[in-house]
Amino acid sequence: MNNSALISKVFRKEVLAMVAYKVANAQGFIKLDAMENPYSWPDEIKSQWLAHLRDCQLNRYPDPEAIQLIKTIRALDHLPEQFDILLGNGSDEIIQLLLMALPEGSSVLAPAPGFVMYRQISDSLGLNYIGVPVLEEGFDLDLPAMLSAIEKHQPLLIFLAYPNNPTSNLFNADAIHAIIKMAPGLVVVDEAYAPFANASFINQLKVYDNLLIMRTVSKLGLAGLRLGYVMGQPALIEQLNKIRLPYNINCLTQVTADFALTYKDFFAQQTESICEQRTYVFNELVKLASVIAYPSAANFILFKVPHNKATDIFLSIKHQGILIKNMTGQGGLLTDCLRVTIGKHDENEAFLAALRKSLADLTL
Ligand SMILES: *Cc1c(COP(=O)(O)O)cnc(C)c1O
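Written out as structure tokens, the structure is:
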């Protein structure tokens, strides 16, 4: 038997049809492609953190319930006692757990464009993924289209990223309420960008039995840890807990996240700087006649460049040492769009200078 016969025999057709999620090599670049926090920690905080790490017992399995960390997260997000929290190895793992728990062949629905992992993982599991286009103007939810897709496909899981990635806007809250009420299954409000948005559905958990709130520490400033979490009714969390691998949050992550979220004040400062820089970058983009910048409630900005020039501009910026994200390949509303993560002031200046140069080169 040759190898390709073996491969097509042992892997499901959904897996064979997939393309792996590719992450660009960022070595040597100013990295503005992945919504990371650009700041590291003050030295004195680093030393305190290292002192905590000393107590990690690497010879032992981690606390399977991560009791201390869950307590810290509960306090941080002011989550009432009647709700439970489940931790994941990044919120990507939570998305995977939720999708794995669905009945075979279920429909999953989210606005399009949306976070790519919703579709990627749904496809890998052979689920029926439906993307409902957002409105062209302002990227808000097309509520009639959402409601009729819900009626038609009866999705057992709906993802609403709030703010949305990659469009960076907060969807209309009334529309989200209407969707939660109409949904035949669960609605996950994905608050990955909550630190930058000043908006949340956490206090709606007590209103809707089918609502789950998902968050992550990645965009806040701990992307390297891989820690996400979902909050909701204990009866829902209990089911998800059955398919969670017992030690999915390692002890280095547990200790580090607990430390960082307890000493969270410096994150608040960093978040504030990022929001200030977001305003700065947005205003500079607006000054460029050939660019359309979209308002952002997150730590990145989506912008549109002249038709069919996105890839040229992306590569020109890259050749100038700055890595952003080229979105045009995803098509639809993202045609001609690029996405830049907000960095430190000098990184943002370098990006803006590179963009201006690439635009000037186009018109030569
Ligand atoms: C980045 C992102 C995530 C994934 O976060 P991790 O916790 O790093 O896996 C989830 N949802 C949205 C909308 C994101 O942009």
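Residue numbers (the working numbering): -15 to 348.
Virtual Cβ for every residue (Gly too), placed ideally from N, Cα, C.
Item, Value
"For the putative contact between D47 and Q238, defined by C-beta atoms under 8 Å, what is the C-beta separation to the nearest angstrom?", "6 Å"
"Select from N156, Y177, I51 the residue whose C-alpha is nearest the C-alpha of A282.", "Y177"
"Taking the alpha carbon of Y45 as the reference point, which residue from L229, L339, N9, F13 has its own alpha carbon closest?", "L229"
"Is G115 close to ligand 1? I mean its beta-carbon at under 7 Å from any heavy atom of the ligand.", "no"
"Taking buried to mean at least 16 other C-beta atoms within 10 Å of its own C-beta, is K393 buried or exposed?", "No information on residue 393 is available, as it lies outside the stretch -15 to 348 that the chain covers here."
"Taking the C-alpha atoms as reference points, what is the distance between L269 and S280?", "12 Å"
"For ligand 1, I want to know if G212 counts as a neighbour, meaning its beta carbon is within less than 7 Å of at least one of the ligand's heavy atoms.", "yes"
"Of the residues V201, I160, M101, V289, which one's Cα is nearest the Cα of L339?", "V289"
"Which residues neighbour ligand 1 when neighbourhood means a C-beta less than 5 Å away from any of its non-hydrogen atoms? List them by chain order.", "G74, S75, D76, F99, A145, N149, D174, A176, T200, S202, G212"
"How about E77 and G212: do their beta carbons lie closer than 8 Å?", "yes"
"Return the first residue and the last residue of the beta strand (DSSP E) that D68 is part of.", "68 to 72"
"According to DSSP, is D39 helix, strand or coil?", "coil"
"If contacts are defined as beta-carbon pairs under 8 Å, then V191 and L141 qualify, I think. What distance do you get, rounded to the angstrom?", "Wrong, their Cβ atoms sit about 19 Å apart, outside the cutoff."
"Using the three-state DSSP reduction, which class does L141 fall into: helix, strand or coil?", "strand"
"Thinking C-alpha only, which one of P87, A59, I160, K341 is nearest G305?", "K341"
"If P97 and T151 are in contact, beta carbons under 8 Å, what's the gap, nearest whole angstrom?", "6 Å"
"What alpha helix (DSSP H) runs, 4 residues minimum, are completely inside the stretch 235 to 290?", "235 to 246, 249 to 270"
"Quick check on DSSP: helix, strand or coil for G205?", "helix"
"At the level of alpha carbons, what is the spacing between I351 and V173?", "The question about residue 351 has no answer, for the chain in this structure spans -15 to 348."
"For K293, I'd like the list of residues in its chain whose CB is within less than 8 Å of its CB, leaving aside the five on either flank, ordered along the chain.", "D320, L346"
"Smallest Cα separation from G316: which of L119, G205, I227?", "L119"
"Would you grab the beta carbon distance between L16 and V324 for me? Rounded to a whole angstrom, and I think it's under 8 Å.", "5 Å"
"Over what stretch of residues does the alpha helix (DSSP H) that includes R58 continue unbroken?", "51 to 60"
"Helix, strand or coil, according to DSSP, for V92 in the structure here?", "strand"
"So the candidates are N148, M166, P168, G169; which of them puts its Cα closest to the Cα of S184?", "N148"
"Looking at the unbroken beta strand (DSSP E) that takes in I163, where does it start and where does it end?", "Premise fails: I163 lies in the alpha helix (DSSP H), 157 to 166, not in any beta strand (DSSP E)."
"Am I right that L336 and V265 are in contact with their C-beta atoms under 8 Å? What's the rounded C-beta distance?", "7 Å"
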